[in-house]
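Trainee:
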Amino acid sequence: MNEPVIQVAGLSFSYNGSPVLSDVSFDVNEKEFVALIGPNGGGKTTLIKLLIGLLKPRQGRIRVMGRSPDQVAGQIGYVPQDLNINRSFPISVMDVVLMGRLPFNRWTGLSKKDTASALAALECMNMDHLRQRRIDDLSGGQRERVFIARALATDPQILFLDEPTSNIDSHGRSELYGTLKELNKTKTIVVVSHDTMVLSSYVTAVACVNKDVHYHNGAEITEEMLETGYHCPVEIIAHGLPHRILKTHGNAS
Amino acid sequence: MIEALHFEFMRNAIIAGCFASLICGVIGTFVVVNRLVFLTGGIAHASYGGIGIAFFFGIPYMLGTLSFSLLAAMLMTAVVLKSKYRADTFIGIIWAVGMATGIVLLDKTPGYNVNLMSYLFGSILAVPNEDIWWMIGLSVITVFSACFLYRDLLAISYDDEFARLRGVSVNLIYFLFIGLISVSIVIIIRVVGLILVIALLTIPPYIAEKYARSLAIMMALSTMLAILFNLTGLWLAYTFNLTSGATIILVAAAGFFLSMGMDAFLKKKQTDIP
């Protein structure tokens, strides 16, 4: 068995004194497909940002591929939440994907390899025919595919995605998860999502994030996990989460 | 207009206008897409303090204004990077302090007789030869630097977090970029004056943004629009004996409303078709 690609031990983090994550420990093995689920404000995005080195832990240790996150930043792919990005920005699809090849040599500019990698990433996401389009002409699902292509252009070993499906209809969601499953053959994938229903047929592990992290190997999302994750089972049912994700009701515990 | 070209001041005005347009296109584009119009206004007004210093101490206008506006800009940038949500108050304060410093220093300048209006509203028709060389040199440096940093600037403008992740020194480039804005402002003050700088720096890119597929196209388009506004304004000012800076801005504003009207018309036409 290889060493886990992500190792988190005793991790704590707080924003202005209010704790967001406290004493979190878990390991992610190579080529896992991990879903981070949990309530809003539970610390999912914070956890991802810590894992990729955009935030520094107050306490504890994070190792990604055996090193600290900022040392391996070049080998990971990151797909941020769509809503954090300026929508009306005049930028072409190709220019967005090329950002994945940063930093460029400022004297020679883009190399042939940069362009080729960006194109290959777009092809992989079936978006190469739209490369000259302006990004805000695209639908939510297409835009998400472009952001994934941008992350792929770095040729990452681990792919982190923060709520990639928030702007996509349910058909597009399963399609996107299918693509991720395909990528999962060669890459470890960590995805923040609320789509507990769709996810359970794709993922290999689930982490419930709500100040602490409960890491479960195995795809099934049980009622118990949702309860510990969200601390509010009634609300979940009220939101119309279908029961059929659970094997059977009686066997859950 | 053709016979006007025989005058040196007219040739200077046209050269100054074209270089200012190039800056509007390149730097203005970054100002507009980064929503930095307020900060730009702050730097422009604060640079009046630099004009005051230049006259009080008898140093060249360009040197005094440039160093003072750079200083003000760096202060503002440091605050923006440190606390994004309180930055507007601070920018407003520097804005006013700069202007006040300029006014007081000009009060105390012995034998002061410069026309204050020419700095507030520009005097493209009275740009001295020496300043033309300053403008050309600074424009070339500014535009070259912006092109040199194009991909980095594009990345931090669009998604600074991702740029940081990819190892781009976001803060350093941000400071350099604000530095380029201050240099641009000092150049454009010569054309339309410090009060009208913001309009010239933002109207052409704003119009261009709607039609451009990429940032590079937006830059090219807004440069052309800025040249059109500058030369048309200059021609009208010459023909009807008007203040050139204000005329240029009114032409730009006319272009702005024309493009808004056209958009509304096209949109209506589109929705009318079932």
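Chains as they are written, first to last, in my numbering: chain C, 51 to 303; chain P, 41 to 314.
In this text, a Cβ means the ideal position worked out from N, Cα and C, and glycines have one as well.
Looking only at its own chain, which residues have a Cβ that is under 6 angstroms from the Cβ of K94 of chain C, when we skip the five neighbours before and after it?
Mentor: These residues qualify, in order along the chain: L86, G88, V242, V259.
Trainee: Restricting to runs no shorter than 4 residues, where is the alpha helix (DSSP H) found entirely within the stretch 206-268 of chain C?
Mentor: DSSP runs (the alpha helix (DSSP H)) wholly in the stretch 206-268 of chain C: 220-233, 246-249.
Trainee: With DSSP run on the structure shown, which of helix, strand or coil describes L188 of chain C?
Mentor: Correct three-state label for L188 of chain C: coil.
Trainee: For G219 of chain P, which of helix, strand or coil comes out of DSSP?
Mentor: Three-state result, G219 of chain P: helix.
Trainee: Classify P69 of chain C as helix, strand or coil using the three-state DSSP reduction.
Mentor: Note: P69 of chain C maps to strand in three-state DSSP.
Trainee: Would you verify that the beta carbon of L306 of chain C is, or is not, closer than 8 angstroms to some beta carbon of chain P?
Mentor: For chain C, the structure presents residues 51 to 303; residue 306 of chain C sits outside this window and is missing.
Trainee: What are the residues of the stretch 137-155 of chain C that lie near chain P, defined by any Cβ-Cβ distance shorter than 9 angstroms?
Mentor: So the close ones are S138, F139, P140, I141, S142, M144, D145, V146, L148, M149, G150, R151, L152, P153, F154.
Trainee: Quick check on the DSSP output: the alpha helix (DSSP H) that includes F95 of chain P runs from which residue to which?
Mentor: Here the alpha helix (DSSP H) through F95 of chain P covers 77-97.
Trainee: Any Cβ of chain P within less than 8 angstroms of the Cβ of R184 of chain C?
Mentor: Yes, contact with chain P.
Trainee: By the DSSP assignment, the beta strand (DSSP E) with I257 of chain P in it spans what residues?
Mentor: Run containing I257 of chain P: none in the beta strand (DSSP E); it sits in the alpha helix (DSSP H), 255-280.
Trainee: What whole-angstrom Cβ distance do H264 of chain C and A257 of chain C have, given they're in contact under 8 angstroms?
Mentor: Sure, about 7 angstroms apart at Cβ, within 8 angstroms.
Trainee: For D219 of chain C, count the other beta carbons within 10 Å of its own beta carbon; 16 or more makes it buried, fewer makes it exposed. Which is it?
Mentor: So D219 of chain C ends up on the exposed side.
Trainee: Below 8 angstroms, how does it come out for the stretch 158-176 of chain P and the stretch 52-68 of chain P: are there three or more Cβ pairs, yes or no?
Mentor: Output reads yes: the stretch 52-68 of chain P touches the stretch 158-176 of chain P.
Trainee: Which parts of the stretch 130-186 of chain P are runs of the alpha helix (DSSP H), unbroken and 4 residues or longer, counting only runs that do not cross its ends?
Mentor: Whole alpha helix (DSSP H) segments, 4+ residues: 156-161.
Trainee: For the putative contact between T129 of chain P and G92 of chain P, defined by C-beta atoms under 8 angstroms, what is the C-beta separation to the nearest angstrom?
Mentor: That pair is no contact at about 24 angstroms.
Trainee: Going by DSSP, what residues sit across from Y128 of chain C in a beta bridge?
Mentor: Beta-bridge pairing links Y128 of chain C to C:F210.
Trainee: Would you identify the three-state DSSP class for V122 of chain C, choosing helix, strand or coil?
Mentor: Coil at V122 of chain C, not helix or strand.
Trainee: Which residues, in order along the stretch 178-202 of chain P, keep a beta-carbon less than 8 angstroms from a beta-carbon of chain C?
Mentor: Under the 8 angstroms Cβ criterion, the stretch 178-202 of chain P contributes F188, L189, R191, D192, L194, A195, S197, Y198, D199, E201, F202.
Trainee: Express the C-alpha separation of S72 of chain C and Y65 of chain C in angstroms, rounding to a whole number.
Mentor: One C-alpha to the other measures close to 12 angstroms.
Trainee: May I have the straight-line CA-CA distance separating L45 of chain P from R51 of chain P, to the nearest angstrom?
Mentor: Approximately 6 angstroms, taken between the alpha carbons.
Trainee: Express the C-alpha separation of Q121 of chain C and F20 of chain P in angstroms, rounding to a whole number.
Mentor: The structure shown does not extend to residue 20 of chain P, since chain P spans only 41 to 314, so no value can be given for it.
Trainee: Is the distance from the Cβ of A248 of chain P to the Cβ of L236 of chain P below 8 angstroms?
Mentor: Cβ atoms of A248 of chain P and L236 of chain P: not closer than 8 angstroms.
Trainee: Please list, in chain order, all residues of the same chain as S299 of chain P whose beta carbon is under 6 angstroms from its beta carbon, the five residues on each side excluded.
Mentor: Only I247 meet the Cβ criterion.
Trainee: Under DSSP, the beta strand (DSSP E) around G110 of chain C begins and ends at which residues?
Mentor: It spans 109-114 - the beta strand (DSSP E) in which G110 of chain C sits, taken as one unbroken run.
Trainee: Look up R117 of chain C in the DSSP assignment and say whether it is helix, strand or coil.
Mentor: Of the three classes helix, strand and coil, the one that applies to R117 of chain C here is strand, per DSSP.
Trainee: Report yes or no: is there a C-beta of chain A within less than 8 angstroms of the C-beta of P130 of chain C?
Mentor: The structure shown contains no chain A; its protein chains are C and P.
Trainee: Identify which residue in P:T263, P:F297, P:K307 has its Cα closest to the Cα of G68 of chain P.
Mentor: When only C-alpha atoms are compared, the closest one is P:T263.
Trainee: Please report whether the beta-carbon of G190 of chain C lies at a distance below 8 angstroms from any beta-carbon of chain P.
Mentor: It does not: the Cβ of G190 of chain C has no partner Cβ on chain P nearer than 8 angstroms.
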